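So the mapping is simple: the working numbering equals the position in the sequence shown, first residue as 1, plus 4.
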Amino acid sequence: MRHGAAIPGLVWGFRIGPDGTPQLLPDDAPLDFEPDGCHWLHFNLADKRSQQSLAEMELPPPARALLQSKDTYQQMHSLDGCVYGVIADLMRDIADATEDTGFLRFVMTERLLITGRYQALCAVDTARRTLEGGHRVESCAALFEIIVHNVADAMERIADDVFETLDRIEEKLLSDDTDDLRQGLGRVRRTCVRLHRHLSGLRIVLHRFDRNDSAALKPSLRPRAGKLAQRLDALDHSVVEMRERSRLLQEELHLKIEEQGNSSLRVLSMLTALLMPPTLVSGMFGMNLRGLPFAEGDGGFILALLAMALSSFGAWLFMKRIGLIR
């Protein structure tokens, strides 16, 4: 690790004092590790210079390899007093978090938390603003917990928006206003599937880490993975409920659309049945043959219209008798 020079590829860095007070490192400040306190370094992994910086750091080879990889499988491991892994996070644009998912890679020791991403992510940016606001953190593990809580907060906000959208869609569905509901339900269900996929993976990782790996770690390096997983369990349960609700609303919408289609076909069928006898009568009188009835009299046209009306009325009585018309 180089000292006395700015770190290439670094997006931001914080020095956290012994009392937990964070201090943002200037862009051109050299990195000098102090015996007390800890540091948080966040890298843009899309910048090739960051790969060189990470290669010079004293990290376990598996942790460095995962940090520099493009693996999208959520995981969390501990090795030689070091915790490292990959967790899902929501990508962000200039304004706010999006529904697209990115992945945050991290390596954590007692005195150092290194995070890296290929796209701008929401949770770490929120954590940065939290530290800039003067929030104190006790250790790197506590800082990692803040990041995971921010992931849950971002997904929870999207889940709240999905819940409100489902309420509006259900209200329209019950009021028979089904215009453009299929596309909206499709988007909602897709969002629920994405949230469930990443929440489920993250909570399983945290549960497994809390069960298998956390007991051997020092307290300053031990995130409260069980507590974090419990929060994600509750959020994932809500997302699964909304996913099932959106599926049921889709089925109800399809049934309603089918009913509307069947009703339209019924009307068309009845109109066809009512107009068929008059069509046959008018076709008969349109034949250029001798001996057609009413051809010689002055009232033939009126009588032909009357015959057409009577044939249509007779068809209506027949359909009503057999139950086609209620």
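C-beta: ideal position from N, C-alpha, C; glycine also.
Keep in mind the model is a prediction, meaning the values are calculated, not measured.
Under 8 Å between C-beta atoms of residue i and residue j
{"i": "His202", "j": "Thr105", "result": "yes"}
{"i": "Arg207", "j": "Asp164", "result": "no"}
{"i": "Gln79", "j": "Val90", "result": "yes"}
{"i": "Asp145", "j": "Leu225", "result": "Residue 145 is actually Ala in this sequence, not Asp. Contact: yes."}
{"i": "Phe298", "j": "Leu307", "result": "yes"}
{"i": "Cys42", "j": "Ala67", "result": "no"}
{"i": "Leu28", "j": "Trp44", "result": "no"}
{"i": "Arg121", "j": "Leu58", "result": "no"}
{"i": "Ile173", "j": "Leu199", "result": "no"}
{"i": "Leu117", "j": "Phe167", "result": "no"}
{"i": "Arg109", "j": "Leu83", "result": "no"}
{"i": "Val152", "j": "Gly24", "result": "no"}
{"i": "Val192", "j": "Thr169", "result": "yes"}
{"i": "Met312", "j": "Ser273", "result": "no"}
{"i": "Ser54", "j": "Pro12", "result": "yes"}
{"i": "Gly230", "j": "Ala92", "result": "no"}
{"i": "Phe289", "j": "Leu296", "result": "yes"}
{"i": "Asp129", "j": "Arg96", "result": "yes"}
Own chain residues within Cβ distance below 8 Å of residue i, not counting five before or after
{"i": "Leu94", "result": "Ala101, Thr102, Glu103, Asp104, Thr105, Gly106, Leu125, Cys126, Ala127, Val155, Ala158, Met159, Ile162"}
{"i": "Thr76", "result": "Val90, Phe107"}
{"i": "Glu136", "result": "Pro26, Leu28"}
{"i": "Met246", "result": "Ala163, Val166, Phe167, Leu170, Val192, Cys196"}
{"i": "Trp320", "result": "Leu278, Ile329"}
{"i": "Leu239", "result": "Ala156, Met159, Glu160, Ala163, Leu203"}
{"i": "Arg115", "result": "Phe37, Gly41, Cys42, His43, Cys144"}
Bounding residues of the beta strand (DSSP E) (the contiguous stretch that carries residue i)
{"i": "Ile20", "result": "14–20"}
{"i": "Phe47", "result": "42–48"}
{"i": "Leu28", "result": "26–28"}
Proximal residues to residue i (C-beta, below 6 Å), its chain only, five neighbours per side dropped
{"i": "Leu314", "result": "none"}
{"i": "Pro331", "result": "Nothing about residue 331 can be reported from this structure: the residues present for the chain run from 5 to 330 only."}
{"i": "Thr113", "result": "Cys86"}
{"i": "Arg235", "result": "Ala156"}
{"i": "Gln123", "result": "Met95, Gly106"}
According to DSSP, residues forming a beta bridge with residue i
{"i": "Pro281", "result": "Pro281 is not bridged to any residue."}
Residue i beta carbon near the ligand SAH (any heavy atom closer than 7 Å)
{"i": "Leu272", "result": "Judged by which ligands are present, the structure shown has none, so any question about the ligand SAH falls away."}
Delimiting residues of the alpha helix (DSSP H) encompassing residue i
{"i": "Leu307", "result": "304–326"}
Own chain partners of residue i with C-beta closer than 7 Å, once the 5 adjacent residues on each side are dropped
{"i": "Ala233", "result": "Arg207, Leu210, His211, Asp214"}
{"i": "Gly304", "result": "Phe298"}
{"i": "Met5", "result": "Any reading at Met5 needs caution, since the residue's pLDDT is 40, under 50, leaving its predicted position unreliable; the model's value is listed next. Contacts found: Glu60, Met61, Glu62."}
{"i": "Leu185", "result": "Ile173, Lys176, Leu177, Leu257"}
{"i": "Arg132", "result": "Trp16"}
{"i": "Val243", "result": "Ala163, Cys196, Leu199, His200, Leu203"}
4 or more residues per run - each alpha helix (DSSP H) lying fully within the segment 53–137: 65–72, 126–136
Any alpha helix (DSSP H) of 4 or more consecutive residues that is wholly inside the segment 127–213: The segment 127–213 contains, as complete alpha helix (DSSP H) runs of 4+ residues, the segments 144–178 (chain order).
Length at least 3, wholly inside the segment 209–269: the beta strand (DSSP E) runs in chain order: none
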